[in-house]
Each structure stands twice: as structure tokens, then as C-alpha cells.
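All remarks here apply to the structure that follows.
2 protein chains.
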Amino acid sequence: MARTGRPREFDKDQALERALLLFWSRGFGATSVQDLVEALALERGSLYGAFGDKRSFYLAAVRLYWETYERQLVTALEAGPVLPALREVLANPARAQEYASDVGVPQGCMIGNATAELVPQDAEAREIVARAHARFIQIVATGLRRAQADGEVSRDATPEAQAQLLLFTVQGLSLVSRAGLDTASALAAVDALIDALRA
Amino acid sequence: MARTGRPREFDKDQALERALLLFWSRGFGATSVQDLVEALALERGSLYGAFGDKRSFYLAAVRLYWETYERQLVTALEAGPVLPALREVLANPARAQEYASDVGVPQGCMIGNATAELVPQDAEAREIVARAHARFIQIVATGLRRAQADGEVSRDATPEAQAQLLLFTVQGLSLVSRAGLDTASALAAVDALIDALRA
DNA sequence: CGACTTTTTGACCGCATGCACAAAAGGCCG
DNA sequence: CGGCCTTTTGTGCATGCGGTCAAAAAGTCG
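Line by line, the protein sequences are chains U and S.
Add 414 to a position in the first sequence, counting from 1, and you land on the number used in my numbering.
Add 414 to a position in the second sequence, counting from 1, and you land on the number used in my numbering.
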């Protein structure tokens, strides 16, 4: 099908990545189509043709964000001791401004941002977010189960409960960090949690 | 000053409370001035006259939300054992839909919602949110300090670090709950944290 | 009663938004 | 080379938004 036509002149993946940065730093509502058009250096019509409407575009960016995050999470947890890796997962958002970009400084977890802004009134967004949450818990719980077996992590709670707690903490940390955060205090809190998980 | 004029026909405090529910459930961007006009049953001009523009109105609602929350928090922590009170503070957002209202179901912590939606680009909002965070930590740390002295709470971490961790958890829990939450799992996670704080 | 102040009312405005469309252009395949 | 399919380009449009304003109304006080 599709005898092929005029080839796309821009790189769709790259455009999505740039849009991701914009949406990440400003949020859905505060990013106008005009902003996107200027940041991606393409015409209004091309954007709609390639990605559908603004909402679909945003959701695609959120999906890409999660895919990337999930890949990193799996990699970080699959080998070696689990607690240091988890400490890193939590410490990351505590150290602000590392993903600085020219279009502004993305802050917080984009899944969390999407949760706050779109989830209440958008079923599709809710599904994406809920799936991300479930996957996070699943991945982390798998790591914790192994760590419990290795005697690295306390068995006072189930791996699922511990993973759920870690999800809350990551999301809360990312969110709170948007309002400014004393890095040292945040890291102290992270350490308190990691220590509490230790066997 | 002010020889008095035509008296206001609506209850300003009550209007602010209703607006709080609307803003809480829909967020800032998704609540139009028209929505407010209809929900509060007053005319556009009256609204602007009484509260200034939409943003000021929203910030006033956020301030009211925090005042109410802070009062409850202080009350809950000032007497009796601290851990059960903290457990309740965390369990509250885990049990969804308790603040149901006719205008929709407010979800999550409004401070958290404001953080995600406005803080990146609004200095005044950032200040309100940051102050709320600081107050939360201060209040909770005070309770924890007493509880550590009483031997109720572990001294493995400073009360400040523990309070900071609790802030992250509450915020994360409130946020995640917007996407739907299995109450039992959430409570298990809360219990895991509370147990970890126990001496 | 009448001057004065404030609120109410409802129409109104400019603007930015998301989106549609028609014409032109570009590359593939027969 | 010529038909075909798709993307590009840029204009155009309706809608809904936040916000303003002037006149009418409702109290207060001298």
C-alpha cells in the first residue's frame, strides 16, 4: 500500500524529541501550537499532518518519554546491588537542571506532569500514566525480590509494597523539586528511605 | 474612608470555597472563567471586581486550601502518638473520592496540582508552594522530634530528613492517585513507610 | 431627599487558539 | 517521461478565551 509520495523533509523522530523537551518544560496547556511550529522549524500543516492534533502529539511525547525512562530503569536495576541503583533513581530528580536544554529547563517527571494536567479529564492520558505506574512497580519489585533473596533488602514488607512506596517517593520528589529544593536535604531524605529498605 | 457603597450580594468566602472545589478538580487551565461564572452563579464583572483576574483568584484558592490543610495537620499531630496520625495523613489521599462534590471529584493535593501546572512559570505560585512545603516539613519534623524523644520513632535519621521523606510520599501518593490507585496496595506501601519510621 | 460610593449587569473586544483546506512541489514507479 | 501519491506551504476561519467598560441599581449618610 501507499505507492510512496513526496518524502517528509524533516526527521519525525527528531521533531518528536524536540517537542518532548518543549512539552516537558512547559506542560501541555502552556505550550502553544505556535511555540511548537517555531521550535521545530516546520509549518503548522506539516505538524498536523505528521502527528495529528496537539493532544495526540503530546501523548506521543509522553509515550516516548516513558519508553526512554523505562529502558534506563531496567538497565540500572538488572545487574549489581539494587539499593545503590534505586538510590540513584531517586537522587536523579533531586539534582536539578541536569537535562537543561535551550528551550527551557525541563523539570520533574513528565509522567507526573501529565498526571496533574491531563489525567483528570483525559481517559487516554490516564491509561498511559497508569500503565507507566504499573510497569515501574513491576520492574522495581522484580529487582527488590532478587535483592530480598540476596539478603540485601529487608523482608519486612513485600517487594510490591516497597516498589509502590518508591513510586510515590520518586513522583513526589520530582514534583516537589519543581518548586525548588535543597539538594542536600532531599538527598538526606532519599538516604533515609534507602536505609530503611536495607536488610 | 470609603463612605460605603452598594453591598455585595454574594458571600465572598463561600464563592472562594466553591471556586476552590472547581480549581481543585479541574486545575487552573481547564477551568474557564465561564465555568466559574456558572458554578458561582454570579456575573463576570462581579467576579473580576471581587477577586481580580483568574490567576489571582486561583492563587487565593490555593492559599485557602493550604490554610485549611495546615490547620488539620497541626491538629492531627499536636496530641497523642505521632505515627498513627502520620499514617492517617498518608492514608487520606490513598482513599479516593472522599471529598466528592457536585462539580466533580477533586483529586490529589491542590498544592501538588499547582506545583505541576503553574510553578514553572509563575514566581508567586512558586513562593506559595515553597512556603507550604517548608511549613509541612516544619510541622511534621516538630512532631517527629517529640516522637523520637518519646522513643516512638527511630533515630536512624533526623526528623527533618524523615519529614522531607514524608512530604515526598504524600505528594507522590496524591499525584499517583489521580491516575487511579489500588487502595489496598497504596495502604500497604504507607504501612511499610510508617513501620520503617518506628523505633 | 439627594449626593456619593460600590456592586451588578450584560454586552463587548481583541486575541490566540486549534484546525481545515487548496494549491504547489517532490520523488517513485511503470 | 508522465501519472500518481504524499507532503509541504501558507492562508483562512470559527471558536472560545481572559478581560474591560459603561450604565443601572442599591445601599449609606449628611
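Glycine residues also receive a C-beta, built at the ideal position from the N, C-alpha and C atoms.
In chain U, which residues lie less than 7 Å from residue i when you measure between Cβ atoms?
i       : result
G459(S) : Going along chain U, no residue has its Cβ under 7 Å from G459(S), so there is no contact; the nearest lies around 26 Å.
A563(S) : The contacting residues do not exist; A563(S) stays about 18 Å from chain U at best.
L500(S) : By Cβ distance, chain U contributes nothing, its closest Cβ being about 14 Å from L500(S), past 7 Å.
Which stretch, first to last residue, makes up the alpha helix (DSSP H) that contains residue i?
i       : result
D609(U) : 597-611
E502(S) : 496-508
G526(S) : 524-531
Residue i touches chain U at which residues, Cβ-Cβ below 9 Å?
i       : result
N506(S) : The contacting residues do not exist; N506(S) stays about 14 Å from chain U at best.
R540(S) : R592, A593, G594
T482(S) : The premise fails here: T482(S) is roughly 19 Å from chain U at the closest Cβ pair, so nothing lies under 9 Å.
S599(S) : I551, E574, A575, Q578
Given that residue i touches chain S, what residues does it touch there, using C-beta distances under 8 Å?
i       : result
L487(U) : Going along chain S, no residue has its Cβ under 8 Å from L487(U), so there is no contact; the nearest lies around 16 Å.
T556(U) : Within chain S, no residue comes near T556(U); the closest Cβ sits about 16 Å away, beyond 8 Å.
D609(U) : D570, A571
Can you list the residues of chain U that residue i reaches, using a CB-CB cut of under 8 Å?
i       : result
T583(S) : L579, F582, T583, G586
S470(S) : By Cβ distance, chain U contributes nothing, its closest Cβ being about 18 Å from S470(S), past 8 Å.
Using a Cβ cut-off of 9 Å, pull out every chain S residue sitting near residue i, in sequence order please.
i       : result
S439(U) : P534
V543(U) : V590, R592, A593, G594
A602(U) : A571, T572, E574, A575, Q578, L579
Counting only Cβ pairs nearer than 7 Å, list the residues of chain S close to residue i.
i       : result
Q576(U) : A606
Quick check: is any heavy atom of the ligand MN less than 7 Å from the C-beta of residue i?
i       : result
V543(S) : This structure lacks the ligand MN; in fact it carries no ligand of any kind.
Item to check | Ordered list of alpha helix (DSSP H) runs contained in the stretch 437-475 of chain S, each at least 4 residues | outcome: 447-454, 458-465
Checklist entry - In chain order, which alpha helix (DSSP H) runs of at least 4 residues are fully inside the stretch 535-590 of chain U? => result 537-563
Checklist entry - Of the residues that make up the stretch 521-535 of chain S, which ones have a beta carbon closer than 8 Å to any beta carbon in chain U? => result Q521, G522, G526, N527, T529, A530, E531, V533, P534, Q535
Checklist entry - Taking three-plus beta-carbon pairs below 8 Å as touching, is the stretch 461-481 of chain U in contact with the stretch 420-437 of chain U? => result yes
Checklist entry - Using 8 Å as the Cβ pair cut-off and three pairs as the minimum, do the stretch 485-498 of chain U and the stretch 552-562 of chain U touch? => result yes
Next on the checklist: Within 8 Å, do at least three Cβ pairs link the stretch 575-593 of chain U to the stretch 540-556 of chain U?
Outcome noted: yes
Next on the checklist: Could you check whether the stretch 531-545 of chain U touches the stretch 587-604 of chain U, counting it as contact only if at least three pairs of C-beta atoms, one from each stretch, sit closer than 8 Å?
Outcome noted: no
Item to check | Short-range partners of chain U found in the stretch 424-448 of chain S, where Cβ spacing is below 9 Å | outcome: S439, R440, G441, F442, G443, A444
Checklist entry - Should the stretch 583-590 of chain S be called in touch with the stretch 586-595 of chain U, which here means at least 3 C-beta pairs below 8 Å? => result yes
Checklist entry - For the stretch 521-538 of chain S against the stretch 438-450 of chain S, are there 3 or more C-beta pairs whose distance is under 8 Å? => result yes
Next on the checklist: Does the structure place the stretch 452-460 of chain U close enough to the stretch 520-528 of chain U that three or more beta carbon pairs sit under 8 Å?
Outcome noted: no
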